[in-house]
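Taking the working numbering, the leading residue of the sequence shown gets 154, the next gets one more, and so forth. Don't be surprised by glycine CBs; every beta carbon is placed ideally from N, CA and C. Just so it is clear, the structure is predicted and the values come from calculations on it, not from any experiment. A quick write-up on the structure given underneath.
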Amino acid sequence: MKVLFTASVMGHLTGFHIPYMQYFEDRGFAVHIACGPGDTPACADRHFVIGFERSPFRLKNISAYRALKKVIRENEYDIIHCHTPVASVLTRLAARRARKHGTVVIYTAHGFHFYQGAPRLSAFVYRTVEKWLSRHTDILITINGEDYAAISRYGFRPKLGAYRVPGVGVDGARFHPHTAETRRAVREQNGISADAFVLIFAAEYNRNKNQAMLLRAVSLLKDSIPNILLLLPGEGPLQAEYQRLAAELSISQYVRLMGYRTDMDMLLAAADVAVSSSRREGLGINLVEAMLTGLPVVATRIRGHADIVQHGETGFLVPPDDAPAMAEKLLKLYRSPELRHEMGQKAISAAQPYRLENAQAETFRIYERALDMKTNRAGGKP
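Following this line, the structure appears as structure tokens:
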């Protein structure tokens, strides 16, 4: 038997879906992946390099569609699991004939591109496309409450139904509360003073992650919290712009754009509060990681944050782009170490459903449903 995983870029598959590929490998499946270039993971038997473009309007996606259709036709997959917006659109289009011959198509929406607050025209277009493609989908998986509710609200009709799972899962053995000794050591290793009030947000530097909001919040707080320090692990197209903005706001000494880091589990030990300024999320995995280590959260009130942050209990939610509101909540946490501790302890409990083993259990049950469907599906139109 064969399974195909698709995504626009290799990093998405290797970053989030290795355990799910291993699920099929352990059951004797040949595991194939179709995505952009990159190092093929050990659990994949074949890697088809497909030139997906992140913008749905690029003409190169026509070539990607044709290449993917050829891969699907020649390999006769039992199950196809597609991820990321463009790859999922092209995969479901390319797999229409395969479904008539028994292939089961699963689509995980890591955040629909229509959402509360989205521009009306783009929301209408993306919603219309997703509704039509749901007819060419057997199982539709969502990772937040707003998206799951949208499926019934807008009349999506995946053949075998829709499910909500707690994201892709976070490794609780890696992300866990740290000792005071570890906190001191990590701060020392990273040149952070023992008395610094440290905020952290790990994300790509781009418009959606909106780190400019955090920079402005820090500029509002630098006088009230002279020992404030904002850590921004990540990389991206707006790095130079954010460096310039920090200089313009006279806060360069309070901000560190740290580049890509592989030690987020340890770096979180240096922080006092986790923050997020995102305008759109499927599910704030970076916040789940922080919460599992015992950090309170101040984040924007958006889909994917509201699912995991309990306002007033595990942290605070503020309006998107509202730097003064962000600053107000951070000042409240700065002034009350007791509140930080209380919210951090509650955050640990609230993050438990999003641990890797729980997300895997939910997804594996869906895979079992798909395998049953594959076994029982007769010929004819899906």
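Assumed close pair residue i, residue j - CB separation to whole angstroms, cut-off 8 Å
| i | j | result |
| --- | --- | --- |
| I259 | I233 | 7 Å |
| A423 | I345 | 6 Å |
| A220 | I203 | 5 Å |
| I353 | V428 | 7 Å |
| D291 | V318 | About 16 Å; that fails the 8 Å criterion. |
| Y230 | L157 | 5 Å |
| L410 | V339 | At roughly 18 Å, the Cβ-Cβ gap does not stay under 8 Å, so L410 and V339 are not in contact. |
| V426 | L440 | Not really, about 11 Å apart at Cβ, beyond 8 Å. |
| D460 | G270 | That pair is no contact at about 15 Å. |
Cβ shell of residue i (< 7 Å), same chain only, five flanking positions each side left out
| i | result |
| --- | --- |
| A550 | No information on residue 550 is available, as it lies outside the stretch 154 to 535 that the chain covers here. |
| H329 | L445, T446 |
| Q498 | G447 |
| Y173 | T516 |
| K534 | Low local confidence applies: a pLDDT of 46 at K534 is under 50, so the model's placement there is unreliable, and no value is given. |
| R249 | H289 |
Candidates the options, of which the one nearest residue i by Cα
| i | options | result |
| --- | --- | --- |
| M417 | A459, H331, P477 | H331 |
| K527 | G270, L483, L313 | L313 |
| A476 | R249, A393, S372, A197 | S372 |
| E227 | N529, P311, R340, H185 | H185 |
| V408 | R369, P390, V278, I171 | R369 |
| V393 | L383, Y358, R340 | Before going on, a small fix: residue 393 reads as Ala here, not Val. The shortest Cα separation from A393 among L383, Y358, R340 belongs to Y358. |
| F265 | I461, Q463, G457 | G457 |
| G387 | E341, A365, G412 | G412 |
| M479 | G465, Q406, Q463, A452 | A452 |
| G311 | A302, R249, H289 | The sequence shown places Pro at residue 311, not Gly. Out of A302, R249, H289, H289 has the C-alpha closest to the C-alpha of P311. |
| F267 | H254, E334, A302, A247 | A302 |
| C196 | V278, Y176, P209, L212 | Y176 |
| A512 | M496, I438, A248 | I438 |
Own chain, CB closer than 6 Å to residue i, minus 5 neighbours either side, in chain order
| i | result |
| --- | --- |
| R432 | N361, N363, P473 |
| T193 | H200 |
| K223 | none |
| Y316 | I294, I519 |
| E334 | none |
Beta-carbon proximity list for residue i, same chain, < 8 Å, skipping 5 on both sides
| i | result |
| --- | --- |
| A262 | S241, E283, L293, I294, T295, I296, D300, G435 |
| L492 | P449, K485, L486 |
| L402 | L368, R369, V371, S372 |
Complete beta strand (DSSP E) runs within the segment 337-414 (minimum length 3 residues, chain order): DSSP assignment within the segment 337-414 yields the following whole beta strand (DSSP E) runs of 3 residues or more, N-terminal first: 350-353, 381-386, 408-412.
Cβ contact (3+ pairs, closer than 8 Å) linking the segment 314-323 and the segment 502-510
Touching, yes.
Q.
Across the segment 302-311 and the segment 385-397, are there enough close Cβ pairs to call them in contact, namely three or more that are closer than 8 Å?
A. No contact exists between the segment 302-311 and the segment 385-397.
message: With three or more beta-carbon pairs closer than 8 Å as the criterion, would you say the segment 476-495 touches the segment 373-389?
response: Contact between the segment 476-495 and the segment 373-389 is present, because at least three Cβ pairs lie under 8 Å.
* Do the segment 278-290 and the segment 459-470 meet, that is, are 3 or more Cβ pairs less than 8 Å apart? -> With a cut-off of 8 Å, the segment 459-470 and the segment 278-290 do not count as touching, because too few Cβ pairs lie within range.
* To do: Go through the segment 278-341 residue by residue and report every complete run of the alpha helix (DSSP H) that reaches 4 residues or more, in order.
  => With a minimum length of 4 residues, the continuous alpha helix (DSSP H) runs that stay inside the segment 278-341 are 298-306.
Complete alpha helix (DSSP H) runs within the segment 221-268 (minimum length 4 residues, chain order): Counting only runs of 4 or more, we get 238-247, 249-253.
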